[in-house]
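Chains A and B supply the protein sequences, listed in that same order.
To convert, count from 1 in the first sequence and add 94; that's this note's numbering.
To convert, count from 1 in the second sequence and add 94; that's this note's numbering.
To keep things clear, I will list the structure first and then write my remarks on it.
2 protein chains.
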Amino acid sequence: MSVTILDVAKVAGVSKATVSRAFTNPEKVKPQTLQKILEVAKELNYSPNAIARAMKTNRTGNIGFIVYAEQKPIISNPFYALVLEAVIETANKIGYSLFISTDQDITLPTGEIMLQKKVDGVILASQIDSKTVLTFRKNKVPVVLLNNYMDLDGLHCVINDEYYGAHQVVEHLVRRGHKRIGILSGRYNPFICNHRYNAYVDVLKENGIELNYDYVHSVEPNFQDVYAAVKNLLIQKQRPTALFCNSDMIAIYAMKALIREGVKIPDDIAVAGFDDNYYCTVVEPELTSVHVDREMMGTAAVNILHKLMCGEEVEEKTVITKPKLIIRGST
Amino acid sequence: MSVTILDVAKVAGVSKATVSRAFTNPEKVKPQTLQKILEVAKELNYSPNAIARAMKTNRTGNIGFIVYAEQKPIISNPFYALVLEAVIETANKIGYSLFISTDQDITLPTGEIMLQKKVDGVILASQIDSKTVLTFRKNKVPVVLLNNYMDLDGLHCVINDEYYGAHQVVEHLVRRGHKRIGILSGRYNPFICNHRYNAYVDVLKENGIELNYDYVHSVEPNFQDVYAAVKNLLIQKQRPTALFCNSDMIAIYAMKALIREGVKIPDDIAVAGFDDNYYCTVVEPELTSVHVDREMMGTAAVNILHKLMCGEEVEEKTVITKPKLIIRGST
DNA sequence: ATGAAAGCGCTAACAG
DNA sequence: CTGTTAGCGCTTTCAT
């Protein structure tokens, strides 16, 4: 049997109510009594039972981080890893613990959303559907969307300015004198990919460069697919001299492909990525990329959620982080 | 107010005990009644309150994953990311959720270990000290050590056969005809580093190659440090022709350094790493490494913990995973 | 400033 | 097979 509030009360010669106060509202108990209680508690190695407390207060001190299952692996996903790192740290700092799961984990075979574990709030990352959002709302669980936008009344979202980031990097390529710029676009989150692609198209237009569809490839983020796309680019009469890849992973694979084909980076072809993963500095030459402030995204999401969980109104519905172009040896 | 077991009981025309049974021991209730209850529950959108349940059963359905704080970043640590991935998945499969924190997070300024959040069991990863282990034990919380060994009565550990792995890879280098083999050793977890280093020394001895301390470098896992060590190796009259790096990260940095110095890999110098991170296939040439089965380690830890939490005895105290040499282009 | 008492939502004997 | 009942450990009025 573990030691309860009653044991402490007995030994300290007070009622359990007073012990309870000593731990929740220390200022409401006479300093003398307080000290005594704390002493006894330490002596008995007592610490309040979080579950019983949760039961009374109806707050668990837990928040859920739910990722779109297609994004798996979550933890070793170089994008969400950094977000998670910040989320965990920020959550811990304000006294919350984090549950990580996928939308699949919380969906029953029947399609119902299961809130099996009690959480005081949730962060929904990536393309979680609106049904999930609605279910949480119905259960009065505050929600913050991360890296996703949904036009739902009063919904809080934390997103990155994809268009701006892509605009920056493509413009950088143009400024370096490139006129034949290829793009390898991923096929994931359309919300993100479209913004990045649109920026590419716009920059070309702004600079009077005609869009050449031979230079536009949509690829899966695996080496085979990227290699095939790169080969296709290389056999064209007018090879592109620069390559904007929609994600670092694609860029890395493109670099591998180019190196194998004996193409010099950046002299023959410059390569740029997006996200600024840790891969960027692992490869040689190091990869120019657009740094997405995942730390800020994670922190912002937790902070908004925190206010929401405390019952505060949060005016600013959408937080948009500004990415930053990082120029390295590949361009 | 959320809907409780009592609401369901009333509408279904049974007692709350029966409703409770319907959810915990469905076979103990008449099929007819069961169906009725389930219907009503769905209709009322009822789901059992996990906290109240935890309070009664004294089991939370949570397990803690605690990492040595020096290992930070945890999530984006390419070693623990994969362990965690497996741990989360396995835990979810058996109905548990995971809390992630560092030993620092659970240690009060006074040095006391705080079990703030109730967990049914913990996995302690990396160099957690024995005091932490003892604290959990004292509180009857089952413990499993991961990637760490401690000679504590009846303590369960999951470790990797570091010596075997290092032996494999160095032997591979010898078989490829290398006689001058350098080593870049990390300065982290001595339990691990020593095993790897010892294997290196032994393989040389087994093959009649004299240990040359000019080829032995201890480095921090950052580019500057590794670059300096590599330069030092390159200026020796008798350059090593192969390099065994104690971790992939070090190997990657060594490769970058060699490429910058115009050294051809593997023709001039072969490079091998350890762990088989995802970095290995990102670089060109791809890195020969020793695959540590982190998935297995994570799964094993959870499975042992699961049995322990169910009150079962687990005979096998130490699970040792066998790593596997993966030969790639760098050797 | 402190105590008495009610009850959070659920489970697990024990009866029937 | 089902109902009754007694708490799990804590917080929180309401009194004192």
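A virtual CB, placed ideally from N, CA and C, is assigned to each residue, including glycine.
- Query: Would you say isoleucine 154 of chain B and lysine 212 of chain B are within 8 angstroms of each other, going by their C-beta atoms?
  - Reply: A small correction: the amino acid at residue 154 of chain B is threonine; isoleucine does not occupy that position in the sequence shown. Cβ atoms of threonine 154 of chain B and lysine 212 of chain B: closer than 8 angstroms.
- Task: Tell whether a beta-carbon distance below 8 angstroms holds between alanine 180 of chain B and threonine 393 of chain B.
- Result: Going by C-beta atoms, alanine 180 of chain B is nearer than 8 angstroms to threonine 393 of chain B.
- Message: Distance check for isoleucine 217 of chain A and asparagine 397 of chain A, CA to CA, integer angstroms please.
- Response: Using only the alpha carbons, I get a separation of about 11 angstroms.
- Item | Which of helix, strand or coil DSSP assigns to leucine 381 of chain B | Secondary structure of leucine 381 of chain B (DSSP, three-state): coil.
- Compute the beta-carbon to beta-carbon distance between isoleucine 344 of chain A and leucine 352 of chain A, rounded to the nearest angstrom, for a pair I have assumed lies under 8 angstroms. Not really, about 12 angstroms apart at Cβ, beyond 8 angstroms.
- Message: Restricting to Cα atoms, I'd like to know which of B/Ser220, B/Ala175, B/Val268, B/Ile188 is closest to isoleucine 303 of chain B.
- Response: The shortest Cα separation from isoleucine 303 of chain B among B/Ser220, B/Ala175, B/Val268, B/Ile188 belongs to B/Val268.
- Query: Is DSSP giving isoleucine 277 of chain B helix, strand or coil here?
  - Reply: Under the three-state reduction of DSSP output, isoleucine 277 of chain B falls in the strand class.
- Mind checking which residues open and close the beta strand (DSSP E) that includes glycine 259 of chain B? That residue, glycine 259 of chain B, is in no beta strand (DSSP E); its alpha helix (DSSP H) goes 256 to 269.
- Message: Is there a Cβ of chain B sitting closer than 8 angstroms to that of threonine 226 of chain A, yes or no?
- Response: Taking Cβ atoms only, chain B never reaches closer than 8 angstroms to threonine 226 of chain A, which makes this a no.
- Query: Using the beta-carbon of each residue, which ones in chain B are nearer than 7 angstroms to tyrosine 373 of chain A?
  - Reply: Residues of chain B passing the Cβ test: Val376.
- Indicate the three-state DSSP secondary structure (helix, strand or coil) for aspartate 296 of chain A in the structure shown. The answer is helix: DSSP assigns aspartate 296 of chain A an H, G or I state.
- For glutamine 262 of chain A, count neighbouring C-beta atoms within 10 Å of its own C-beta (all shown protein chains included) and say buried if the count is 16 or more, exposed if not. Buried, since its Cβ has 16 or more Cβ neighbours within 10 Å.
- Task: On a CA-only basis, which of B/Val408, B/Asn254, B/Arg270, B/Pro236 is nearest tyrosine 243 of chain B? Give me that one, please.
- Result: Relative to the Cα of tyrosine 243 of chain B, the nearest Cα in the group B/Val408, B/Asn254, B/Arg270, B/Pro236 belongs to B/Asn254.
- Task: Spell out whether any CB of chain B is found under 8 angstroms from the CB atom of alanine 394 of chain A.
- Result: With its beta carbon at least 8 angstroms from every one in chain B, alanine 394 of chain A lies outside the interface.
- Taking only beta-carbon atoms, is proline 167 of chain B less than 8 angstroms away from chain A? Answer yes: the Cβ-Cβ gap between proline 167 of chain B and chain A drops below 8 angstroms somewhere.
- Message: Cutting at 6 angstroms between CB atoms, please list the residues of its own chain near valine 384 of chain A, excluding the five before and the five after it.
- Response: Counting only Cβ-Cβ distances below 6 angstroms, and skipping sequence neighbours, we find Gly259, Val263, Phe368, Pro417, Leu419.
- Cα separation between lysine 122 of chain B and arginine 115 of chain B? Looking at the two C-alpha atoms, the distance is approximately 7 angstroms.
- Message: Helix, strand or coil for serine 114 of chain B? Go by DSSP, reduced to three states.
- Response: In this structure, serine 114 of chain B counts as helix in the three-state DSSP scheme.
- What is the residue span of the alpha helix (DSSP H) that lysine 325 of chain A lies within? In the DSSP annotation of this structure, the continuous segment of the alpha helix (DSSP H) that includes lysine 325 of chain A starts and ends at 317 to 328.
- Message: For chain A, check one thing: does any of its Cβ atoms lie closer than 8 angstroms to the Cβ of lysine 110 of chain B?
- Response: No, lysine 110 of chain B does not count as interfacial toward chain A.
- Task: Taking C-beta pairs closer than 9 angstroms, name the residues in chain A that glycine 340 of chain B reaches, listed in chain order.
- Result: According to the sequence shown, residue 340 of chain B is asparagine rather than glycine. Scanning chain A for C-beta atoms nearer than 9 angstroms to the C-beta of asparagine 340 of chain B yields nothing, as the closest lies near 17 angstroms away.
- Item | Chain-ordered chain B contacts of glutamate 137 of chain A [CB-CB under 7 angstroms] | None at all; the shortest Cβ gap to chain B is about 13 angstroms.
- Item | CB contact flag (threonine 425 of chain B, methionine 391 of chain B, <8 angstroms) | Going by C-beta atoms, threonine 425 of chain B is not nearer than 8 angstroms to methionine 391 of chain B.
- Item | valine 413 of chain B in three-state terms, based on DSSP | When secondary structure is reduced to three states using DSSP, valine 413 of chain B falls in the strand class.
- Query: In this structure, does DSSP put leucine 192 of chain A in helix, strand or coil?
  - Reply: The answer is strand: DSSP assigns leucine 192 of chain A an E or B state.
- Task: Below 8 angstroms between beta carbons is the criterion; list the residues of the region 170 to 186 of chain A that meet it against any residue of chain B, in chain order.
- Result: Taken in chain order, the members of the region 170 to 186 of chain A whose beta-carbon sits within less than 8 angstroms of a beta-carbon on chain B are Ser170, Pro172, Ala175, Leu176, Leu178, Glu179, Ile182, Asn186.
- Ignore the nearest five residues each way along the sequence and tell me which others in lysine 325 of chain B's own chain have a CB closer than 8 angstroms to its CB. Answer for lysine 325 of chain B: Ala351, Glu355, listed in chain order.
- Query: Are the Cβ atoms of phenylalanine 159 of chain B and serine 191 of chain A separated by less than 8 angstroms?
  - Reply: When the beta-carbon positions are compared, phenylalanine 159 of chain B and serine 191 of chain A stay at least 8 angstroms from each other.
- Query: Do the CB positions of alanine 185 of chain A and isoleucine 145 of chain A come within less than 8 angstroms of each other?
  - Reply: Not closer than 8 angstroms, so no.
- Query: DSSP puts valine 216 of chain A in a beta bridge; with which residues?
  - Reply: Partner residues in the beta bridge of valine 216 of chain A, as assigned by DSSP, are A/Gly158, A/Val237.
- As assigned by DSSP and simplified to three states, the class of cysteine 83 of chain B: Since the first residue of chain B shown is 95 and the last is 425, residue 83 of chain B is not available in this structure.
- Message: Taking CB distances under 8 angstroms as the criterion, tell me whether arginine 354 of chain B reaches chain A.
- Response: Taking Cβ atoms only, chain A reaches closer than 8 angstroms to arginine 354 of chain B, which makes this a yes.
- By Cβ distance below 8 angstroms, which residues in the same chain neighbour histidine 266 of chain A in space, the five residues on each side in sequence not counted? Contacts found: Ala366, Thr382, Leu419, Ile421, Thr425.
- Nearest to glutamine 318 of chain B by CA position, among B/Lys331, B/Phe338, B/Tyr307, B/Ala348, is which residue? That would be B/Ala348, whose Cα lies nearest to the Cα of glutamine 318 of chain B.
- Query: According to DSSP, which residues form a beta bridge with histidine 311 of chain A?
  - Reply: Among the bridge pairs identified by DSSP, histidine 311 of chain A is matched with A/Leu278.
- Query: In chain order, what residues of the same chain lie with their CB nearer than 6 angstroms to the CB of tyrosine 291 of chain B, ignoring the 5 residues before and after it?
  - Reply: Taken in chain order, the residues that qualify are Ser279.
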